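**Student:** Mind looking over this structure? Questions follow.
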Ligand code: C5P
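Numbering (the working numbering), first residue to last: 21 to 253.
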């Protein structure tokens with residue numbers, strides 16, 4: 021059976037809130053993303069509980085440090101049984117991450133290309149004199165060459181990335197919004213269906229689920245839309 025491609029971002033302030041969401045979402049999703057907000061306040065313990073209960077955990081820690089530190093940090097995530105981990109798409113960071121992963125086949129190292137909250141003007145402001153799309157593709161190639169398992173990128177670039185890196189790498193897309201939902205600070209958004217049709221293997225959705233009046237229902241609707249698109253893709 022096709023795996024549900026929905027990854028729910030548990031961007032909430034405390035574990036009680038996160039556990040409530042996991043309960044409400046039920047079988048609407050089986051992959052949960054734990055990042056900066058939850059990790060320091062018990063997110064790692066929650067991750068172990070989720071993994072023990074058969075769910076998958078995506079650690080969105082966006083590692084970016086010297087190689088030795090990245091390697092040891094990735095090894096710790098591998099030892100927790102993590103399934104996805106983000107690192108920045110720098111050459112040394114990527115190769116250290118792959119060394120840290122070692123034999124931990126369940127762990128997918130995902131390279132972050134350009135954050136979906138950034139626009140071309142933001143890149144320019146930071147001193148990047150390159151088209152956003154070219155930077156995304158350059159970083160995607162670098163990730164593939166380093167042996168990374170996947171790429172995190174906007175669905176607006178997914179089709180180009182797929183052409184660039186071939187069929188084997190995972191493409192994970194945040195910046196997904198159901199029709200009519202608030203975009204928040206995301207500047208490059210697409211619907212769940214269009215993300216999958218553009219070549220995404222997984223979609224990451226946070227606020228449209230975590231801030232919904234009925235998170236379980238919101239997750240289910242998004243997962244169903246994504247799975248219907250998988251069947252048609
Ligand atoms: O609430 P929302 O659906 O915008 O959450 C998207 C999630 O994906 C956030 O946790 C954000 O940190 C993450 N993310 C992103 N863009 C990237 C990588 C990760 O929005 N390029």
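Glycine included, C-beta positions come from ideal geometry on N, C-alpha and C.
Since the model is a prediction, treat every value here as computed from it, not as a measurement.
Pick from 217, 83, 115: whose alpha carbon is nearest that of residue 253?
**Tutor:** Checking every option, the nearest Cα to that of residue 253 belongs to 217.
**Student:** Any idea if residue 203 is buried or exposed, counting beta-carbon neighbours within 10 angstroms, 16 or more meaning buried?
**Tutor:** It counts as exposed.
**Student:** Secondary structure at residue 165, three-state DSSP: helix, strand or coil?
**Tutor:** Of the three classes helix, strand and coil, the one that applies to residue 165 here is helix, per DSSP.
**Student:** Under 8 Å Cβ to Cβ from residue 186, same chain only, skipping five residues before and after it: list those, please.
**Tutor:** If we look at residue 186 and ignore the five residues flanking it on each side, its Cβ neighbours are 164.
**Student:** Specify whether the segment 113–126 and the segment 91–104 touch according to this definition: at least 3 beta carbon pairs, one from each stretch, less than 8 Å apart.
**Tutor:** Enough Cβ pairs lie closer than 8 Å, so yes.
**Student:** Hey, is the segment 176–196 in contact with the segment 209–224, meaning 3+ C-beta pairs nearer than 8 Å?
**Tutor:** In short, these stretches touch, since the Cβ pair count reaches three.
**Student:** Excluding five sequence neighbours on each side, which residues of the same chain lie with their C-beta closer than 8 Å to the C-beta of residue 248?
**Tutor:** Excluding sequence neighbours, residue 248 sits near 213.
**Student:** Is residue 267 helix, strand or coil when you go by DSSP?
**Tutor:** The structure shown does not extend to residue 267, since the chain spans only 21 to 253, so no value can be given for it.
**Student:** Helix, strand or coil for residue 86? Go by DSSP, reduced to three states.
**Tutor:** It is coil, neither helix nor strand.
**Student:** In three-state terms, what does DSSP make of residue 250?
**Tutor:** Residue state, collapsed to three classes: helix.
**Student:** Looking only at its chain, what residues have a beta carbon closer than 8 Å to the beta carbon of residue 288, apart from the 5 residues adjacent to it on each side?
**Tutor:** Here the chain covers residues 21 to 253 and nothing more, so residue 288 does not appear.
**Student:** Grouping DSSP H, G and I as helix and E and B as strand, with all else coil, what is residue 29?
**Tutor:** Three-state result, residue 29: strand.
**Student:** Let me check you understand the geometry: is the CB of residue 156 closer than 6 Å to at least one non-hydrogen atom of ligand 1?
**Tutor:** Outside the cutoff, so no.
**Student:** Please tell me whether residue 88 has its Cβ less than 7 Å away from any Cβ of chain D.
**Tutor:** Absent here is chain D; the protein component of the structure consists of one chain.
**Student:** In chain order, what residues of the same chain have a beta carbon less than 8 Å from the beta carbon of residue 35, not counting five sequence neighbours either side?
**Tutor:** Answer for residue 35: 58, 61, 62, 63, 65, 66, listed in chain order.
**Student:** Is it the case that the Cβ atoms of residue 261 and residue 130 are separated by a distance below 7 Å?
**Tutor:** What is shown of the chain runs 21 to 253, which leaves residue 261 out entirely.
**Student:** Measure the C-alpha to C-alpha separation of residue 198 and residue 228 and round it to an integer number of angstroms.
**Tutor:** Roughly 8 Å between the two C-alpha positions.
**Student:** Do the segment 87–95 and the segment 130–143 touch if we need at least three Cβ pairs shorter than 8 Å?
**Tutor:** Not touching, per the Cβ criterion.
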